[in-house]
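Counted the way mature numbering (1 follows the signal peptide of the UniProt record, and there is no 0) counts, the sequence shown spans residues -18 to -1, 1 to 182.
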Amino acid sequence: VLLLPGVLLLAWLPTSPAHHGHPFWGPPQPHRTPRCYSAEELPHGQPPPHLLARSARWEQALPVALVSSLEAEGHRQQHKGPLAGPQCPVLRPEEVLTADTHQRSISPWRYRIDTDENRYPRKLAFAECLCRGCISTRTGQETAALSSVRLHQSLLVLHRRPCSPGGAEAASHGAFAFHTEFIRVPVGCTCVLPRSAPAS
């Protein structure tokens, strides 16, 4: 079982609306065209060191910090056979005391690793709701009286894209630039009233 402190869920991630071309962790600056890098300058496709040096707080972000634990858990599960698909669990009182926040929630979720080779950080932990409804505190089973929805937070990332002008031609020669932008990362699930009455 992964011990994932729930208090970290919303503590770090910024809540600013999406902006493009901002320097890391600072106020907006005049728009500048990102520098174009050749494959020889960055042979492994990683962002240049000066950009990585300004992104030290990435390691403190929950979607980044969870990746190593999820990968380790995945390796352990390989020896136990294939994982079952996501299922809404039955909440048992005897399991609540030792369960993690995402497991004892009445809108439980699990994490999966989202991988994008053209993004940095390349791997992020995304939350997936396990139930369409929510778990009743009386019965411990799913009820349609409430609905599970994902919670999102904004995370600043780098995206590697072909240099412009040149487009596809530049990409074929391995020339690319790094663009900063905010993405919406699902970090957990919560219960809400359904938009329509559940079927009787």
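Backbone N, C-alpha and C fix where the C-beta goes; we use that ideal spot for every residue, glycine too.
Which residue or residues does DSSP assign as beta-bridge partners of D98?
-> Here residue 98 refers to the residue found at position 116 when the sequence shown is read from its first residue. According to DSSP, D98 bridges with nothing at all.
E23 to S136, Cα distance in whole Å?
-> In the sequence shown, residue 23 corresponds to position 41, counting from 1. In the sequence shown, residue 136 corresponds to position 154, counting from 1. Rounded to the nearest angstrom, the two C-alpha atoms are 30 Å apart.
Give a yes or no on whether the C-beta atoms belonging to E124 and C70 are separated by under 8 Å.
-> Sequence index remark: in the sequence shown, residue 124 carries index 142 (1-based). Sequence index remark: in the sequence shown, residue 70 carries index 88 (1-based). Yes, these two residues count as a Cβ contact at 8 Å.
Residues that DSSP places opposite C171 in a beta bridge = Locating residue 171 in the sequence shown gives position 189, where the first residue counts as 1. Per DSSP, R132.
Rank V131, A107, A35 by C-alpha distance to the C-alpha of C116 and give the top, closest one.
-> Locating residue 116 in the sequence shown gives position 134, counting from the first residue. C116 has its Cα closest to that of V131, out of V131, A107, A35.
Residue from P68, V139, V46 whose Cα sits closest to the Cα of R114 = To locate residue 114, count along the sequence shown from 1; it is residue 132. Looking at the Cα atoms, P68 is the closest of the given residues.
Along the beta strand (DSSP E) that carries A107, what are the first and last residues, could you check?
-> One-based indexing of the sequence shown puts residue 107 at position 125. Unbroken beta strand (DSSP E) run through A107: 105 to 111.
Spell out a yes or no on whether the segment 162 to 177 and the segment 104 to 114 are touching, meaning 3 or more CB-CB pairs, one atom from each, closer than 8 Å.
-> yes
So what's V139 in DSSP terms, helix, strand or just coil?
-> As a first step, residue 139 is located in the sequence shown; it is residue number 157 there, counting from the start. In this structure, V139 counts as strand in the three-state DSSP scheme.
Using DSSP with H/G/I as helix, E/B as strand and the rest coil, what is E23?
-> For the purposes of this step, residue 23 is taken as the residue at position 41 of the sequence shown. Of the three classes helix, strand and coil, the one that applies to E23 here is coil, per DSSP.
For S87 and F160, the rounded distance between their alpha carbons = To locate residue 160, count along the sequence shown from 1; it is residue 178. To locate residue 87, count along the sequence shown from 1; it is residue 105. Computed Cα separation, rounded: 38 Å.
Would you grab the beta carbon distance between L52 and I95 for me? Rounded to a whole angstrom, and I think it's under 8 Å.
-> In the sequence shown, residue 52 corresponds to position 70, counting from 1. In the sequence shown, residue 95 corresponds to position 113, counting from 1. Rounded, the Cβ-Cβ distance is 5 Å, consistent with contact.
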